[in-house]
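At position 369 of the sequence shown (counting the first as 1) the number is 369 in UniProt numbering, and the numbers step up by one without a gap.
One structure below.
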Amino acid sequence: MSFQIPARYPLPCSPSLVCQDRFDLLEADEWDVPFWSILKKALSLKITDSHGLINLLQTIDVTLRGCATTDHGFLQTFLRGMGEAAEGQFFNRVWPVLVEIALEMPSLFPESSLPILSEQHDQVTLSRRQVACLVVHQFLCSLPSQPWPTDSSPDFRIWYSTDIRHPKAVAAYISSVFTYFGRLAGSSHGSDSPSLLSAEWPIIFRLRTLGVHKSAIPHTLPMGCMLRPMTVTYEPIISTKPSLLGIPDGACIVSANKNVGFGQSATQEEMHVGSTPESCPIVLLTPTLQDTQILVVQGAEAMTVVEGYGREARLLETSYKDSLHGVHPHTWQRRVMLFMDALEFDMYDSSEGVPDLLPGHTDRELLKAYNAFSSQQGGHTYSRIVTGLWGCGAFGGNREIKTILQWCAASLAGVRLEFICSGDAQREFADCLRVFTQMALANKWQVGRVHDLLLNLKPDDVNARGVFSYLELSYVQS
């Protein structure tokens, strides 16, 4: 029996969300009262330091969930590390603005709920103030769990506990949130700075599902087209710097989990979402991605630059002005993040062959990438799409196969790929990819023939682990 996902996600101001007033904030006689009434009372209390903020978060946690779900130790350490002057500025100037935005929820969301993305309701467009309200509530951890099975957290609780595996990465994500809050209050560059909300544009969340007529890839696509030029760039350290985001007229691939969102480590998805608080509400809107679905987010502004993967991930600059000074504010209105999930092969026994080549897997990945690369609306194409190794880390995908499939999909979509390789582990692959790309373009390879040759490979074939060489030899002979 399949799980039926509801059409809407209830917000904290929903009358349907009731709980016990465990701290007797309302001094009411009723056993169950609206959570929103308790939250309004809790937010009305004056908070002047980190101790008061932690107490508030603990009150919300126990009230909404019935027990404490985190010890807030890492967040407390972060707050104390801000320094006395920065902490004072936060609670004097920024915190009152956050409370104001949080309490605007009933007027910003008159239905007391959010539409959940689906094939039938495939786009949600929010104002930046609506997004700010949701992000503030994610910080407060005042949102209920998503009404569908998921391992994605609805809020930032996962960044607060003492037991953090990647403290530098999580510190970078919290820094991004505090930078965002400072800009909401107009206090990031100085007391006279305008609020981020003074530059208004819509933030668009769109679920793109390929219809049945496209699920037969490759049979319905122009497989006779040539592979398009692809740029291969090597970066010593991967980062979320603006030049790698595809702005202003392109897009950036976010190698996503099927349950999209932020996290506690430093995958590419976690770095991109963690450095961009305006993208964090995706966890409230997006159920588990299906094979024919990708998520498009447009208009989310990055707050910081994060560099490095895993335990080496860290905040590149602590100042918004230093990190992103070269980007005109309105350029972010055209930023596009393309979330596409790869098949997960980490549970397969590698001794039994290359799982990328199992029946249906090649076409699934080609379909997924084509869906993302062809997602621009209005009959236009992206000027470029920045991507890299996709599903080749923890998911266990084959580098050469996944890269070829992305290249084929981009060629079918008529867009140019900018393929980024980073770190010492990818330096040799970047060199091999450049040589392979130049050879294939010089010989005017067709997408259809490359695809057919991939389909001819079996997971346990001797050539399955050396696909570049196999294609170079087989293309001439076919």
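Heads up, the beta-carbon is just placed ideally off N, CA and C, and yes, glycines get one too.
Values in this document were obtained by computation on a predicted structure and should not be read as measured data.
**Item:** Closest residue to G393 among T179, A266, L25, I116 (Cα-Cα distance)
**Value:** Of the candidates T179, A266, L25, I116, A266 places its Cα closest to the Cα of G393.
**Local conformation of Q138 per DSSP, three classes** = helix
**Message:** In whole angstroms, give me the CA-to-CA distance for P144 and T233.
**Reply:** 42 Å
**Request:** Go ahead and label N443 buried or exposed: buried means 16 or more other beta carbons lie within 10 angstroms of its beta carbon, across all protein chains shown.
**Result:** exposed
**Item:** Residue burial classification, L473 (beta-carbon count within 10 angstroms, cutoff 16)
**Value:** exposed
**Request:** Would you list the residues sitting across from A256 in a DSSP beta bridge?
**Result:** D341
**Prompt:** Just checking, does the region 3-15 make contact with the region 99-115 on the three C-beta pairs under 8 Å criterion?
**Reply:** yes
**Prompt:** Taking the DSSP output, what are the residues bridged to G423?
**Reply:** Note: G423 sits in no beta bridge, so no partner.
**Item:** First and last residue of the uninterrupted alpha helix (DSSP H) at I404
**Value:** 399-413
**Asked** Buried or exposed: which applies to E119, given that a residue is buried once 16 or more other Cβ atoms fall within 10 Å of its Cβ?
**Response** By the Cβ-count criterion, E119 is exposed, with fewer than 16 other Cβ atoms from all chains shown falling within 10 Å of its own Cβ.
**Asked** Closest to C225 by CA distance: which of L103, W407, S14 is it?
**Response** W407
**Asked** For C19, does the three-state DSSP call read helix, strand or coil?
**Response** strand
**Request:** Within the region 236-318, note down every full alpha helix (DSSP H) run reaching 4 residues or more, in order along the chain.
**Result:** 268-274, 282-285
**Prompt:** Nearest-angstrom Cα distance between M368 and L389?
**Reply:** For clarity, residue 368 is Lys in the given sequence; the question names Met instead. The alpha-carbon atoms of K368 and L389 are separated by roughly 15 Å.
**Asked** Thinking C-alpha only, which one of D431, D363, G414, L433 is nearest residue 482?
**Response** Here the chain has residues from 1 to 478 only, and residue 482 is not among them.
**F23 classed as buried or exposed, judged by whether at least 16 other C-beta atoms fall within 10 angstroms** = exposed
**Prompt:** Thinking just about the alpha-carbon of each residue, which of Q477, D461, C432 is nearest to the one in R449?
**Reply:** Sorting Q477, D461, C432 by C-alpha distance to the C-alpha of R449 places Q477 at the top.
**Asked** How many angstroms separate the CA atom of I47 from the CA atom of P154?
**Response** 24 Å
**Message:** Spatial neighbours of L196 within its chain, please: C-beta separation below 6 Å, excluding the five flanking residues on both sides.
**Reply:** R183, L184
**Asked** Mind checking whether V135 and V177 have CB atoms under 9 Å apart?
**Response** yes
**Item:** Whole-angstrom distance between G396 and E344, CA atom to CA atom
**Value:** Using only the alpha carbons, I get a separation of about 7 Å.
**Asked** Mapping DSSP to helix, strand and coil, what is D122?
**Response** coil
**Message:** Could you give the first and the last residue of the continuous beta strand (DSSP E) run that contains A32?
**Reply:** Residue identity differs from the one stated: residue 32 is Asp in this sequence, not Ala. Run containing D32: 32-34, per the beta strand (DSSP E) assignment.
**Asked** Based on Cα-Cα distance, which residue from W445, L433, I401 lies nearest to K458?
**Response** Looking from the CA of K458, the closest CA among W445, L433, I401 belongs to I401.
**Message:** Starting from T205, trace the beta strand (DSSP E) in both directions and tell me its first and last residue.
**Reply:** Here residue 205 is Phe; the residue named in the question, Thr, does not match the sequence. For F205, the enclosing beta strand (DSSP E) covers residues 203-209.
**Message:** Using a 10 Å radius around the Cβ and a threshold of 16 neighbouring Cβ atoms, would you call M271 buried or exposed?
**Reply:** buried
**Prompt:** Under a Cβ-count criterion, where at least 16 other Cβ atoms within 10 Å of its own Cβ denotes burial, should F373 be classed as buried or exposed?
**Reply:** The residue in question, F373, is buried, as its Cβ has 16 or more Cβ neighbours within 10 Å.
**Asked** Among all the DSSP beta bridges, which residues are the ones paired with residue 522?
**Response** Because residue 522 is not part of the residues shown, which for the chain are 1 to 478, the question remains open.
**Request:** Give every residue of the same chain whose Cβ lies closer than 6 Å to the Cβ of P287, excluding the five residues on either side of it in the sequence, and list them in chain order.
**Result:** I5, W148
**Message:** Beta-carbon within less than 6 Å of M1's beta-carbon, same chain only, minus the 5 sequence neighbours each way: which residues are those?
**Reply:** Because the pLDDT at M1 is just 44, under 50, the model does not fix this residue reliably, and the value given afterwards should be weighed accordingly. Taken in chain order, the list of residues that qualify is empty.
**Request:** Measure the C-alpha to C-alpha separation of G391 and S198 and round it to an integer number of angstroms.
**Result:** 38 Å
**Prompt:** Using the rule of at least 16 other Cβ atoms within 10 Å of the residue's Cβ for burial, across every protein chain shown, is V462 buried or exposed?
**Reply:** exposed
**Prompt:** In three-state terms, what does DSSP make of residue 509?
**Reply:** Look at the range of the chain in this structure, 1 to 478, and you will see that residue 509 is not part of it.
**Coarse secondary structure for L417, derived from DSSP in three states** = strand
**Asked** Taking the C-alpha atoms as reference points, what is the distance between T125 and D460?
**Response** Approximately 47 Å between the Cα atoms of the pair.
**Request:** Sort out for me which residues DSSP pairs residue 543 with in a bridge.
**Result:** Residue 543 lies beyond the range of the chain shown here (1 to 478); nothing can be said about it.
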